[in-house]
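**Q**
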Amino acid sequence: NSTLDPSELMARITATVLKEIPAVDFCSIHLLGEDGRSLRCMAHAASDPSKASKPIFSAGIIELVLDQKQAVLTSDALQDSRFAKHGSVVIHGIRSALCVPILHADHIVGVLQAGAAGLEKTLTVNDLKLLGAIGLQAGTAFENARLFERLSKDKAALEETHSQLLAAQEGLIISEKLAAVGRLTAGIAHDIRNPLTVILGHAQILKRAMQKAGLTTISGVNAQESAGEIEHGVEHCNRIISHLLQFARQSKPQRIPILVNELLQDVLNFLAHELSKGRATTELHLSDALPSVQADPNQVKQVLINIVINAIQALPGKGAIVFSTLPARRGNIDYAAIRVADNGCGIQPEMRQKIFEPFFSTKPSEPGPGGTGLGLSVSYGIIKNHGGDIEVESTPGRGSTFTILLPFQSSASTIPPSQK
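When we follow this note's numbering, the leftmost residue of the sequence shown carries the number 367, and every step to the right adds one.
1) Bridge partners of Ser394, per DSSP?
2) Pick helix, strand or coil for Cys465, following the three-state DSSP scheme.
3) For Gly712, tell me which candidate among Ala575, Ile565, Ala686 and Ser690 has the shortest Cα-Cα distance.
4) How many Å lie between Gly741 and Glu723 at the Cα?
5) On the DSSP bridge assignment, give the partners of Ala680 in chain order.
6) What does the Cβ neighbour count give for Ser394, buried or exposed, with the cut at 16 atoms within 10 Å?
7) Check each candidate in Leu464, Ala575, Leu439 and Asp708 and name the one with the smallest Cα separation from Gln679.
8) Report the three-state DSSP secondary structure of Glu486 (helix, strand or coil).
9) Can you round the beta-carbon distance between Asp662 and Gln620 to whole angstroms, since I take them to be within the 8 Å contact cut?
10) Helix or strand or just coil, what does DSSP make of Gln660?
11) With DSSP as the reference, label Leu422 as helix, strand or coil.
12) What is the rounded straight-line gap between the Cα of Asn588 and the Cα of Thr647?
13) Give the DSSP-derived three-state secondary structure of Leu641 in the structure shown.
14) In terms of residues, what are the limits of the beta strand (DSSP E) holding Gly685?
15) Apply the 10 Å Cβ neighbour rule to Asp414 and answer buried if 16 or more other Cβ atoms are within range, or exposed otherwise.
16) Take the Cβ of Ile379 as the centre, count every other Cβ of all protein chains shown within 10 Å, and call the residue buried at 16 or more, exposed below.
17) To which residues of the same chain is Val677 closer than 6 Å at the C-beta, ignoring the five residues directly before and after it?
18) Does DSSP classify Phe722 as helix, strand or coil?
19) Phe449 bridges to which residues according to DSSP?
20) From Leu634, Gln479, Leu652 and Asn698, pick the residue whose C-alpha is nearest to that of Val674; which is it?
This is the structure in C-alpha cells:
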C-alpha cells in the first residue's frame, strides 16, 4: 500500500510472490475490466530472467477460479483432468500451479496465478494460503489505486471546468463592460461631434477670410497656421469619435461560409506596404485541411488588420511576424485558428489582463488615429459575436502571440481541392 501507481503496485506484488514462495518459477496478475467480463494480463514475472519477457499462465486455471470463485491448487496440471485439455498447460509446461481470486468487498477484481515448471518443485497448501493472503491485500491495494486514479481524473476534470468557468466569467465581465461603455459613448460621441462641427466650420471660415484679405499674421501670431492646427485637431477628434461610434454600434455579423486561409492572405496583401517597410520579415504557414467557418469577412478582416498593425508597431526595429492557420479544439468545440506571432516588445502581465478593456492602450498618447484604446475592444466584441474568442500569450521582451478562434461551420464543410 506504499504506492498508488497501478503499474508499480503490480510489479511489487509479482516480485513479492517470487520472493516469499521459493518454489514459484513464474507468476502473473490478471484484472477484470470495467465490464466485469474481459480479462487482461497486467503484470508478470519469472525467476529465470530469460523467461520474463512473456507472461506464463494457464487460461484454463484462471477460468476455473473465476467460475467457482475460489482458489485452485494442482500438483501436476498436465495430469489433472481439469486442465490437461488446455493447450496453455502443455505449451508452457506448467506442472504445479496455484491461482487465487483477487477480491475486494467480496467481489472478484482479478486473479493472481503462480506456478512451477518442473516436477522437482511442488507447491503446497501453505503456499496457496500465502498466495491467498497476498491476493487479499492486493485486492485492497488495487481498489485504492483505482479510486486514487478516478479521483485524480475527476480532480483534473474539475480543474479544467473551473478554468473554463473563470475564462467565461472574465469574458462575460469584459462583454458587460463593452456593452455599458458602448451605450455611454454613443450619446457622448454625438454630443461632442456637434460642437466640433461648429469649431471646424469657424476655423475654415477664418482661414478663408484671412487668405482673401491677404493676411497671414495678427499681432505677430501666424493666424492661418493656427487655424490649420485647429482643423487638424478637430479632424483628430472626429477620428476618435468615429472609433467610439464604431465601438458602440458593433453591428450584427453578416455571416457567410469563408475560408480563413483566403481571408488571411487578403489581409496580408492589403497590408503588404506596411509589412515591406523593412521593419518586419514574415513567415506564412497555412493548414491545408481547415473546414470553412460562418463569419462576416469584413468584420474578421477588420480584426486581423488591427492585430497585424499592432504586431508591426510592437517591433522595436527589425523583427519577425509569423502568420499561421490551424485547427484547434477548446473543450468540445472545434475552431479554425488564425495566429499572429511577433518577436517584439511583448506585454507586461499586469497589462495583459486589461488589453481588451475599452480605452486601455499600451501606446503613448499622441496625435494620429492610434492610441484610443478601442482597437482590441472592438476586435474582441466582433469575435465574441461570432461565437469565437481571442487568446493572448506574451512574454515581455520576447514577443506576443494573438490567436483568433472561429468555430467551424460544420464538420462536413471542408476546403475544396483547389485550396489544397
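Backbone N, C-alpha and C define an ideal beta-carbon position, used for all residues, glycine too. Computed from a predicted structure; not experimentally measured.
**A** Answer, in terms of the structure:
1) Ser394 has His410 and Gln479 as its beta-bridge partners, per DSSP.
2) Three-state DSSP puts Cys465 in a strand.
3) Residue nearest to Gly712 within the set Ala575, Ile565, Ala686 and Ser690 is Ala686 (criterion: CA-CA distance).
4) Taking the straight line from one Cα to the other gives about 10 Å.
5) In DSSP, Ala680 forms no bridge with anything.
6) Buried is the call here.
7) Ranking the options by Cα distance to Gln679, first place goes to Asp708.
8) Glu486 falls in the coil class under three-state DSSP.
9) For Asp662 against Gln620, the beta-carbon gap comes to about 5 Å, under 8 Å, which counts as contact.
10) Gln660 falls in the strand class under three-state DSSP.
11) The amino acid at residue 422 is misidentified as Leu; the sequence shows Ile. In the structure shown, Ile422 sits in coil (DSSP, three-state: anything other than H, G, I, E or B).
12) CA-CA distance, Asn588 to Thr647, rounds to 45 Å.
13) Residue state, collapsed to three classes: helix.
14) It spans Gly685 to Arg696 - the beta strand (DSSP E) in which Gly685 sits, taken as one unbroken run.
15) So Asp414 ends up on the exposed side.
16) Buried, since its Cβ has 16 or more Cβ neighbours within 10 Å.
17) Rather than Val, the amino acid found at residue 677 in this sequence is Ala. The beta carbon of Ala677 sits closer than 6 Å to those of Ile687, Val706 and Asp708, all from its chain and outside the five residues before and after it, given in chain order.
18) The answer is coil: DSSP assigns Phe722 none of H, G, I, E or B.
19) Beta-bridge analysis with DSSP links Phe449 to no other residue.
20) Among Leu634, Gln479, Leu652 and Asn698, the Cα nearest to that of Val674 is on Leu634.
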